[in-house]
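Inspection log for the structure reproduced underneath, given as structure tokens.
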Amino acid sequence: MIGETTEYTMIVHGQQKYTVSDAVQAAPGLVVFRMPNIQSLNNPARWRIGHHEGRAIAESMTRENALKGVAILTESGIDWTRNEDDLQNAISNKTARDLYAKLSHVWCDEPGSNYMPGNVAHNGTYTDADIEEAAREAKADGFSAADILVAMSHTVPWMGLDTEDFNEAHNRIVTLAEAD
101 MIGETTEYTM IVHGQQKYTV SDAVQAAPGL VVFRMPNIQS LNNPARWRIG
151 HHEGRAIAES MTRENALKGV AILTESGIDW TRNEDDLQNA ISNKTARDLY
201 AKLSHVWCDE PGSNYMPGNV AHNGTYTDAD IEEAAREAKA DGFSAADILV
251 AMSHTVPWMG LDTEDFNEAH NRIVTLAEAD
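Numbered according to the working numbering, the sequence shown spans residues 101 to 280.
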């Protein structure tokens, strides 16, 4: 049922399968889930839109944007409940390019298109220690609240947070850094 948490088996690298226990049924045939931290370690876009048969359709830095991407896919008129082979035969390269262009307006990309050096698998999750360290660095650099905002929007783990979580983390860092 739409909006419910479900177990989802994603297909990685062709035939490897990995089960995610907390995917959300976002629309008929489509799920949204956070990539497990052991998968795609250099990909900061941790949220995936998946087809019910396991293939990735798109990825995003945030859950919010992945859900916006599902809305675009749903509005496309494509029946995502069909099996993968039928979809591949029904969706032309031009249609796929057009869909990815539309998805880019809500910050969703083709799977595997994001890359950062090192292990960024924890993008979008943070600890109190991360907040404290970011505040120490911001204070040492003399950052203002605006400087902190810009720095956070371009770095892990902050750039992968949904809006409310980002704002909360920003406020905590600004307070601890005694930034104006």
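Think of the CB as a built atom: it goes at the ideal place given N, C-alpha and C, for glycine as much as any other residue.
- Nearest in C-alpha terms to Thr119, of all of Gly129, Ala126, Phe133, is Phe133.
- In terms of CA proximity to Glu159, Ser213 leads the group Thr109, Pro217, Ser213, Gln125.
- Residue range 263-277 is occupied by the alpha helix (DSSP H) that includes Ile273.
- If you look at Gln116, you'll find it in the beta strand (DSSP E) that goes 116-127.
- Taking 8 Å as the upper bound for CB-CB distance, Ser253 and Asp280 are not in contact here, some 19 Å apart.
- Taking Asn165 as the centre and dropping the five residues before and after it, the same chain places the C-beta of Val206, Trp207, Cys208 closer than 7 Å to its C-beta, in chain order.
- Annotation: Arg163 to Ala127 spans about 14 Å, alpha carbon to alpha carbon.
- Counting of Cβ neighbours within 10 angstroms places Met161 among the buried residues, the total reaching 16 or more.
- Here the segment 222-238 makes no contact with the segment 173-181; the two share fewer than three CB pairs at distances below 8 Å.
- Residue burial annotation: Gly242 is exposed, with fewer than 16 other C-beta atoms found within 10 angstroms of its C-beta.
- In the DSSP assignment, Ile111 falls outside any alpha helix (DSSP H) and lies within the beta strand (DSSP E) extending over 105-112.
- Nearest to Ala171 by C-alpha distance, out of Ile191, Gln188, Glu153, Leu199, is Leu199.
- Apart from the 5 residues on each side of it in sequence, Pro217 sits with its Cβ closer than 8 Å to the Cβ of Asn142 in its chain, given in chain order.
- Taking the Cα positions, Ala221 is about 33 Å away from Ser192.
- Shown here, Arg134 sits in a strand according to DSSP, grouped into three states.
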